[in-house]
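S.K.:
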Amino acid sequence: MTTTELPQRLTQYAAGGGCACKVPPGELERVLSGVSAGRAGDDLLVGVENGDDGAVVRLDADRAVVTTADFFTPVVDDPFDWGRIAAANALSDVYAMGGEPLVAVNLLAWPRDLLPFDLAAEVLRGGAEICAAAGCHLAGGHSIDDREPKYGMAVTGLADPRRLLRNDAGVAGVPLTLTKPLGLGVLNNRHKATGEVFEDAVATMTTLNREASRAALDAGVVCATDVTGFGLLGHLMKMCRASGVTAVMDSGAVPYLEATRASLAEGFVPGGSRRNLDWVRPHLESSVSDDELLLLADAQTSGGLLVAGELPGHPVIGELVARRDATVVVR
0 MTTTELPQRL
10 TQYAAGGGCA
20 CKVPPGELER
30 VLSGVSAGRA
40 GDDLLVGVEN
50 GDDGAVVRLD
60 ADRAVVTTAD
70 FFTPVVDDPF
80 DWGRIAAANA
90 LSDVYAMGGE
100 PLVAVNLLAW
110 PRDLLPFDLA
120 AEVLRGGAEI
130 CAAAGCHLAG
140 GHSIDDREPK
150 YGMAVTGLAD
160 PRRLLRNDAG
170 VAGVPLTLTK
180 PLGLGVLNNR
190 HKATGEVFED
200 AVATMTTLNR
210 EASRAALDAG
220 VVCATDVTGF
230 GLLGHLMKMC
240 RASGVTAVMD
250 SGAVPYLEAT
260 RASLAEGFVP
270 GGSRRNLDWV
280 RPHLESSVSD
290 DELLLLADAQ
300 TSGGLLVAGE
310 LPGHPVIGEL
320 VARRDATVVV
330 R
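So, in structure tokens, the structure goes:
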């Protein structure tokens, strides 16, 4: 952990931060329930029904297009790191569907009268570096003048329609694997309040989910999602609900970044994490403390993959079982 002095702290220009500024999941579901467009059928293999990570359209027997968009307000003060984090987060949706990103375009909102464009250039440079590392083309984009800075990408990828990772394909008897530690929401909230820089959090958020996605496909996995703004509990509940199963989670097996528990004890909890827990609680059976549940519901930014299957080198945190009254059981 370090403290870095910057001439302008980007996080102070945002009401929220990272994926914690998402529309609350319950509100989003109510809105989408009245939208008839985007339902899967024919060549639209994955639509809006289960809130999966991206839409998938079949081109032919061997190829499908995966498309997604993701952007958010500054999660860290360093503009280059913010660009890297936002790009890795946007690309993650393609990896979470079992695809490989092909081309991305920038989405930038910038307060021209408040922040110099030199900072925006650093954000874009960070995004370009991550795209280059992913082997993904970056071609233009769209920008607007906005009082609150926002950055992300719309990404198009390719996948094999017979080898997708979906959140509705989980079956009972399969272990659950998590590929990145939790605690990003709590640490980003502390960074925004204090200026402390958590290098392990930045490293986690800028790590691509490419290798985890490829390992899952190689292992024959068919069900996965990434863990972002709705927290581990929220994304796990969505997976279980879509698949018609229940998850039994071992809270002691879940990995966390080093300063997470101390930061929680000092009160650094994003509002989005509390909203996540409120959303999941009616569908939850738990024998752990509310503090533990808050960490499990912590709103992640560019988190790891939650995989219905076992991946070498990553912790198994529970299993899927036949459907019970509770959608998620935490022990």
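Going by my numbering, the first residue of the sequence shown is number 0, and it counts up by one from there.
For each residue, glycine too, the CB sits at the ideal point set by N, CA and C.
Rounding to the nearest angstrom, what Cα-Cα distance links V294 and A127 in this structure?
M.R.: In the sequence as displayed, the identity of residue 294 is Leu instead of Val. Each residue's alpha carbon lies about 32 Å from the other.
S.K.: Just mark T2 as buried or exposed, buried being the case when its beta carbon has 16 or more other beta carbons within 10 Å.
M.R.: Because the pLDDT of T2 is 49, which lies under 50, any placement of that residue in the model is unreliable, and the number read from its coordinates should be weighed accordingly. Exposed, since its Cβ has fewer than 16 Cβ neighbours within 10 Å.
S.K.: Figure out for me which residue from D289, R8, R83, M152 has the closest Cα to the Cα of V102.
M.R.: M152
S.K.: Which residue wins for smallest C-alpha separation from E284, given the options M248, A258, E257, S262?
M.R.: M248
S.K.: If you draw a straight line from the alpha carbon of A89 to that of Q11, how long is it in whole angstroms?
M.R.: 23 Å
S.K.: Quick check on the DSSP output: the alpha helix (DSSP H) that includes V47 runs from which residue to which?
M.R.: No alpha helix (DSSP H) contains V47, which DSSP labels as neither H nor E.
S.K.: Does DSSP classify R310 as helix, strand or coil?
M.R.: According to the sequence as given, residue 310 is Leu; it is not Arg. Correct three-state label for L310: coil.
S.K.: Less than 8 Å between the CB atoms is what I'm expecting for L181 and Q299, so what's the real figure, rounded?
M.R.: 7 Å
S.K.: Within its chain, find whatever has a CB closer than 8 Å to the CB of G139; leave out the 5 residues flanking it on each side and keep chain order.
M.R.: V104, N105
S.K.: So, at 8 Å on beta carbons, what are the nonlocal neighbours of L44 in its own chain, with the 5 sequence-adjacent residues on each side left out?
M.R.: V55, V56, R57, A63, P160, L163
S.K.: Measuring only the C-alpha atoms, how far is L276 from G228?
M.R.: 12 Å
S.K.: Write down the C-beta distance between V287 and S250 rounded to the nearest angstrom, noting that I regard them as a contact closer than 8 Å.
M.R.: Between S250 and V287 the Cβ distance is about 5 Å, and since that is below 8 Å, they are a contact.
S.K.: Compare the Cα-Cα distances from N49 to each of K191, G308, G233 and report the closest residue.
M.R.: G233
S.K.: May I ask you to report which of helix, strand or coil DSSP gives G82?
M.R.: helix
S.K.: What span of residues does the alpha helix (DSSP H) with R209 cover, start to end?
M.R.: Start and end: 209-217.
S.K.: Can you tell me the Cβ-Cβ gap for E318 and L177, rounded? I've got them flagged as a contact below 8 Å.
M.R.: Incorrect: roughly 13 Å between the Cβ atoms, too far for contact.
S.K.: Just to confirm the assignment, what range does the beta strand (DSSP E) spanning V327 have?
M.R.: 327-329
S.K.: Who pairs with L263 in a beta bridge, going by DSSP?
M.R.: Paired residues: none, contrary to the question.
S.K.: Under a three-way DSSP split, which group does D324 fall into?
M.R.: Three-state DSSP puts D324 in coil, outside helix and strand.
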